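Colleague: Once you've had a glance at the structure underneath, I'll fire off some questions.
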Amino acid sequence: MRPAVILRKAPRNAAGKVLPPDLPPFSELAATCGGGLELLLEEEIRNLGYSVLRRRPGVVYFRATLLEVPRCITQLRTASRLLVPVDRSTVNAYDGAYHRILSIPWETIIPPEHTFAITATTRSPVMKDHRFLAMRTKDAIVDRQRGACAGRRSSIDRKTPVFRVVVFVDENKGVEVSLDAGDAPLHERGYRKEAGEAPLRETVAAAMLLQAGYPVRIGEGRPPVLIDPFCGSGTIAIEAALMLAGRAAQLPDRLFAYRRWPWFPPAGETESAPDRSDGEAAPPPVRIFASDRDGEVLDLARRNANRAGVGQMIEFSQGDVRERLPALAGRIRPGRPEVLVVTNPPYGERLDRDDLGALYRDLGTLLKEHMPGGTAHVLCSDRDLMHRTGLRAAGRVPMFNGGIACRLYRLDLR
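Note that the sequence shown covers residues 11 to 424 in our numbering.
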């Protein structure tokens, strides 16, 4: 059986340059994301100039070669992982998956002197055991290596493998085999070494901002004043500052898995969008304000912002929302700039139910009284709490933060 390795003839990168002869000629990439972020991720991909091939829940496929991996992995803000699809097929059982994966030329993809690990996920009613699926995938790869490399095979390294092979079986017994170009999830940007209670994922914070229409570049019109009165560890403010400064989503010193692939070109030979983070330009005036009532968490937010290199772009302040919103309004409203509130207030088990109800009621009153003409985007998992604000939602976008189903509510403060 011929493997459906995803390739094309004379593969070239986006600039028309022929790929190095030892580079596997894969011709598409797949970016995964949290539930509800697919359309935003697709828009990001199109804005980078790539053609989207198809979309399914949690993943967007697009036309690109391996040389585009560095650019995509650092610039896509809502992506959870960047995968290099190797094979796609339909099988009826574990043995069918084994034989299909065995037919892939692994000796040209994973040299036997390099380690690998398997991540397996299955939604198939027939192939239910992801551990057995991972074992059969491993068997197929090493058996192929032994047959093609005079008995030599790779070792398994679950912690820091050179290659991480991702296998996914869907409800219709479709099997996809890919390489994970990043290894660790892309929401782990690198600036948040510590985290406060119930941290907001960086990819979700970026999605909230993009959904709110937050500008991604200085110079494209005057950006609105951004306020997060429940900043926690500072994720929304930091992601906003990275966007505003035109900085990449990932810190420049992060080491991704693709850099360990022996056939991948050195950094200087791959295309990567410039990261305007060399500090030559003066930082823009502060237009991002973040506050929290917890002083320790606020100190953590400041450290995170400094690690991200955007500490000078954010004004942090301690205080309850009932104090900080009126104070900020008094400072910024005289000039009447556009105001955008993007925030993730507490919900669930973090506060007493009565206290939560009062907090959301007061938040609605504060927004209406002190931010007239502005817009608020509030991420919350509890419809009843949002009803307590007394504000009518102009839009609701489903989003998942970790395993929690939330909605991003748009509130027009007219």
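Ideal Cβ positions, reconstructed from N, Cα and C, are used throughout, including at glycine. Predicted, not measured: the structure shown is a model, and the values here were computed from it.
Answer yes if the segment 72-84 comes into contact with the segment 255-273, meaning at least three C-beta pairs across the two stretches below 8 angstroms, and no otherwise.
Modeller: yes
Colleague: What does DSSP give as the partner residue(s) for PRO95 in the beta ladder?
Modeller: SER188
Colleague: Is the Cβ of HIS109 closer than 9 angstroms to any Cβ of chain B?
Modeller: Protein chain content of the structure displayed is limited to a single chain, and chain B is not contained in it.
Colleague: Excluding the 5 residues preceding and the 5 following ASN57 in the sequence, name in chain order all residues of the same chain whose CB lies nearer than 7 angstroms to its CB.
Modeller: none
Colleague: Pick out the complete beta strand (DSSP E) segments inside the segment 356-416, 3 residues or longer, and give them in chain order.
Modeller: 385-390 and 405-411
Colleague: Rounded to the nearest angstrom, how far is the Cβ of ALA74 from that of CYS43, given a contact under 8 angstroms?
Modeller: About 16 angstroms separates the two Cβ atoms, so there is no contact after all.
Colleague: Going by DSSP, name the residue or residues bridged to THR213.
Modeller: In DSSP, THR213 forms no bridge with anything.
Colleague: Can you tell me whether DSSP reads PRO284 as helix, strand or coil?
Modeller: Only weak support is given to the placement of PRO284: the predicted model assigns it a pLDDT of 45, under 50, and the value that follows is read from those uncertain coordinates. It is coil, neither helix nor strand.
Colleague: Among the candidates ARG334, LEU196 and PHE126, whose CA atom is the shortest distance from the CA of HIS174?
Modeller: One point to set straight first is that residue 174 is Arg, not His, in the sequence displayed. With distances taken between Cα atoms, ARG174 lies closest to PHE126.
Colleague: Residues in the same chain with beta-carbon distance under 6 angstroms from ALA130, minus the five sequence neighbours each way, listed in chain order, please.
Modeller: HIS140, LEU143, ALA144 and VAL177
Colleague: Could you pull out every residue in the same chain whose Cβ sits closer than 6 angstroms to the Cβ of VAL172, ignoring the five residues on either side in sequence?
Modeller: HIS124, THR125 and ARG270
Colleague: Tell me whether ALA267 sits in a helix, a strand or coil according to DSSP, three-state version.
Modeller: helix
Colleague: Specify the secondary structure class of ARG424 as computed by DSSP and reduced to three states.
Modeller: If DSSP states are grouped into helix, strand and coil, ARG424 belongs with coil.
Colleague: Would you call the CB atoms of GLY46 and MET409 closer than 9 angstroms?
Modeller: yes
Colleague: Is the beta carbon of ILE324 less than 9 angstroms from the beta carbon of GLY244?
Modeller: yes
Colleague: Give me the Cα-Cα distance between TYR108 and ALA267, rounded to the nearest whole angstrom.
Modeller: 25 angstroms
Colleague: Does the beta-carbon of LYS203 have 16 or more other beta-carbons within 10 angstroms, so that it is buried, or is it exposed?
Modeller: exposed
Colleague: Considering TYR108, what are the terminal residues of the alpha helix (DSSP H) in which it resides?
Modeller: 104-112
Colleague: If the criterion is Cβ atoms closer than 9 angstroms, does the pair ASP372 and SER301 meet it?
Modeller: no
Colleague: Need the endpoints of the beta strand (DSSP E) that ARG232 sits in, please.
Modeller: Here ARG232 belongs to no beta strand (DSSP E), and DSSP marks it neither H nor E.
Colleague: Could you check the C-alpha separation between GLN3 and GLY305 for me, to the nearest Å?
Modeller: This structure leaves residue 3 out entirely; the chain is present only between 11 and 424.
Colleague: Please work out which residues of its chain come closer than 6 angstroms, Cβ to Cβ, to PHE299, disregarding the five sequence neighbours upstream and downstream, and give them in chain order.
Modeller: ILE237, GLU325 and LEU338, listed in sequence order.
Colleague: Would you mind reading off the limits of the beta strand (DSSP E) that contains GLU325?
Modeller: 324-328
Colleague: Could you compute how far the alpha carbon of PRO95 sits from the alpha carbon of MET253?
Modeller: Cα to Cα, PRO95 sits roughly 29 angstroms from MET253.
Colleague: Counting pairs of Cβ atoms below 8 angstroms between the segment 131-138 and the segment 148-166, do you hit three or more?
Modeller: Counting C-beta pairs with one atom in each stretch, the segment 131-138 and the segment 148-166 have fewer than three that are closer than 8 angstroms, which means they do not touch.
Colleague: Assign LEU265 to one of two classes, buried (16 or more other C-beta atoms within 10 Å of its C-beta) or exposed (fewer than that).
Modeller: That one is exposed.
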